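Trainee: Protein sequence lines correspond, in order, to chains B and S.
Last residue of the first sequence: number 110 in the working numbering, and the count goes up by one each step with no gaps.
Last residue of the second sequence: number 225 in the working numbering, and the count goes up by one each step with no gaps.
Glycine included, each C-beta is placed from N, C-alpha and C at the ideal position.
Computed from a predicted structure; not experimentally measured.
Let me begin by handing over the structure; questions about it come next.
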Amino acid sequence: NAGVTQTPKFQVLKTGQSMTLQCAQDMNHNSMYWYRQDPGMGLRLIYYSASEGTTDKGEVPNGYNVSRLNKREFSLRLESAAPSQTSVYFCASSETRGYTFGSGTRLTVV
Amino acid sequence: AQSVTQPDIHITVSEGASLELRCNYSYGATPYLFWYVQSPGQGLQLLLKYFSGDTLVQGIKGFEAEFKRSQSSFNLRKPSVHWSDAAEYFCAVGGAIWDDYKLSFGAGTTVTVRA
Numbered sequence: 001n002a003g004v005t006q007t008p009k010f011q012v013l014k015t016g017q018s019m020t021l022q023c024a025q026d027m028n029h030n031s032m033y034w035y036r037q038d039p040g041m042g043l044r045l046i047y048y049s050a051s052e053g054t055t056d057k058g059e060v061p062n063g064y065n066v067s068r069l070n071k072r073e074f075s076l077r078l079e080s081a082a083p084s085q086t087s088v089y090f091c092a093s094s095e096t097r098g099y100t101f102g103s104g105t106r107l108t109v110v
Numbered sequence: 111a112q113s114v115t116q117p118d119i120h121i122t123v124s125e126g127a128s129l130e131l132r133c134n135y136s137y138g139a140t141p142y143l144f145w146y147v148q149s150p151g152q153g154l155q156l157l158l159k160y161f162s163g164d165t166l167v168q169g170i171k172g173f174e175a176e177f178k179r180s181q182s183s184f185n186l187r188k189p190s191v192h193w194s195d196a197a198e199y200f201c202a203v204g205g206a207i208w209d210d211y212k213l214s215f216g217a218g219t220t221v222t223v224r225a
């Protein structure tokens with residue numbers, strides 16, 4: 001029982017490159033989320049999807065796009081990476097009152 | 111808008127001593143409150159959560175937290191700290207509007223345990 005799986009675990013990008021962070025959950029949860037974690041700032045919500053077919057902006061959506069491909073998968077795309085997007089990214093899913101986090105993707109933009 | 115304040119950025123405690131981490135929240139309705147722990151390089155692990163009922167909540171690893179509505183607080187406590195408790199701790203608040211359970215996190219408190 002994997003829970004929430006994120007890929008890749010580590011990535012280095014050059015400024016201006018694009019990439020997609022993948023997230024999949026096997027708990028049949030309706031809601032999925034993307035957070036970024038930066039030192040001294042806790043976790044900030046980038047985008048979320050309350051259910052399959054819907055997505056909404058969170059606190060820090062600029063520079064990102066998301067796709068809720070199906071109920072299991074929720075991807076985060078950086079179209080033109082910037083050094084300010086260097087961070088650790090966490091995907092999470094929830095159903096009613098249960099929240100499960102992935103192990104994170106550490107992204108460095110140089 | 112919901113928000114969380116963790117007033118202490120860093121706490122150092124001796125092994126065997128008690129620990130209390132402060133959390134204050136702002137939320138317009140009945141909050142759902144959580145404490146998570148993160149070891150270096152790891153993901154977030156849920157310690158405990160409060161939704162309703164008894165305001166003293168027991169969690170894993172010997173932690174407990176008390177919800178005080180009048181003070182908008184949800185402080186985390188442990189009577190006797192172990193070296194393995196050295197980590198970063200995050201308080202989070204959320205709610206339930208339809209199927210939207212977004213969480214807002216505090217900035218975190220780093221706990222150092224000295225021998």
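DSSP on ARG224 (chain S), reduced to helix/strand/coil?
Mentor: As a first step, residue 224 (chain S) must be located in the second sequence, where it is residue number 114. Correct three-state label for ARG224 (chain S): strand.
Trainee: Could you say which of B:ARG77, B:GLY102, B:VAL109 lies nearest to LYS9 (chain B) if we only look at CA atoms?
Mentor: For this step, residue 9 (chain B) is matched to residue 9 along the first sequence. Here the closest residue by C-alpha is B:GLY102.
Trainee: Quick one: complete beta strand (DSSP E) runs, 3+ long, within the stretch 29-100 of chain B?
Mentor: List check, beta strand (DSSP E) in window: 31-38, 42-49, 64-68, 74-78, 87-95.
Trainee: What are the boundary residues of the beta strand (DSSP E) that SER183 (chain S) is part of?
Mentor: Along the second sequence, read from residue 1 onward, the residue named residue 183 (chain S) stands at position 73. 183-188 is the extent of the beta strand (DSSP E) around SER183 (chain S).
Trainee: Alpha carbon to alpha carbon, how far is GLN148 (chain S) from CYS201 (chain S)?
Mentor: Position 38 of the second sequence, counting from 1, holds the residue named residue 148 (chain S). Position 91 of the second sequence, counting from 1, holds the residue named residue 201 (chain S). Answer to the nearest angstrom: the Cα atoms are 11 Å apart.
Trainee: Just the Cα atoms here: how many angstroms apart are MET41 (chain B) and LYS159 (chain S)?
Mentor: Taking the first residue of the first sequence as position 1, residue 41 (chain B) is located at position 41. Taking the first residue of the second sequence as position 1, residue 159 (chain S) is located at position 49. Answer to the nearest angstrom: the Cα atoms are 21 Å apart.
Trainee: Roughly how many angstroms lie between the CA atoms of SER124 (chain S) and ASP195 (chain S), to the nearest whole one?
Mentor: Within the second sequence, residue 124 (chain S) is the residue found at index 14, counting from 1. Within the second sequence, residue 195 (chain S) is the residue found at index 85, counting from 1. One C-alpha to the other measures close to 11 Å.
Trainee: Chain S partners of PHE90 (chain B), CB-CB under 8 Å?
Mentor: Mapped onto the first sequence, residue 90 (chain B) falls at position 90. Simply GLY153, LEU154.
Trainee: Within this structure, are the beta carbons of THR15 (chain B) and ALA92 (chain B) separated by less than 9 Å?
Mentor: As a first step, residue 15 (chain B) is located in the first sequence; it is residue number 15 there, counting from the start. As a first step, residue 92 (chain B) is located in the first sequence; it is residue number 92 there, counting from the start. No.
Trainee: Could you give the C-beta distance for LEU129 (chain S) and ASP118 (chain S), rounded to a whole number, given that I count them as a contact under 8 Å?
Mentor: Against the second sequence, residue 129 (chain S) aligns to sequence position 19. Against the second sequence, residue 118 (chain S) aligns to sequence position 8. That pair is no contact at about 11 Å.
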